[in-house]
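S.K.: In my numbering, the protein residues as written are 3 to 147.
Note that beta-carbon positions come from the ideal geometry of N, C-alpha and C, so glycine has one too.
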């Protein structure tokens, strides 16, 4: 009597493994590739809020108050984002601040295309591009005086 798999079933395990591996790899790569942009977004939101919060401490009697307010907000936000490695090409120009006399707004707008050098896009059949990111990762915070 023969033991083992019947002759017609010899390649079934390899085919099943290949299908399961593709699905597993897609989920795993998606988890890893979306974690980095989510970490950046969380950092951008925190930095924008911190920049606006720290600017409140500036005395309104300070000479050139509007420009000093904007400068303080931008520098506080930049200080919060100093952990970002240089390979991400995050520049101070990605941080903008405006003050209209009553409201200070700070925006961080980072082009997600710069992440492609760090995090390659993988095109999976039936799923598409992973990660599929918006054109810019954007965070904004404002305060009214």
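Measure the CB-CB distance between residue 82 and residue 94 and report whether it falls below 7 Å.
M.R.: Stepping through the chain shown from its first residue, residue 82 is reached at position 80. Stepping through the chain shown from its first residue, residue 94 is reached at position 92. Against a cut-off of 7 Å, the Cβ pair of residue 94 and residue 82 comes out as no contact.
S.K.: So is residue 146 buried or exposed if we call it buried at 16+ other beta carbons inside 10 Å?
M.R.: Translated into positions along the chain shown, residue 146 becomes position 144. Label assigned to residue 146: exposed.
S.K.: Checking contacts by CB at 7 Å: is residue 59 closer than that to chain B?
M.R.: Here there is only one protein chain, and chain B is not present.
S.K.: Name the DSSP bridge partner or partners of residue 126?
M.R.: Numbered from its first residue, the chain shown carries residue 126 at position 124. Residue 126 is bridged to 130.
S.K.: Which residues share a DSSP beta bridge with residue 141?
M.R.: Numbered from 1 along the chain shown, position 139 holds the residue referred to as residue 141. Answer is 110.
S.K.: Got a sec, what are the start and stop residues for the alpha helix (DSSP H) residue 17 sits in?
M.R.: Translated into positions along the chain shown, residue 17 becomes position 15. Residue 17 -> alpha helix (DSSP H) spans 14-57.
S.K.: From residue 86 to residue 16, what does the alpha carbon distance come to, in whole angstroms?
M.R.: Working through the chain shown from its first residue, we reach residue 86 at position 84. Working through the chain shown from its first residue, we reach residue 16 at position 14. The alpha-carbon atoms of residue 86 and residue 16 are separated by roughly 42 Å.
S.K.: Out of 122, 66, 99, 138, state which residue places its alpha-carbon closest to the alpha-carbon of residue 113.
M.R.: For the purposes of this step, residue 113 is taken as the residue at position 111 of the chain shown. Among 122, 66, 99, 138, the Cα nearest to that of residue 113 is on 138.
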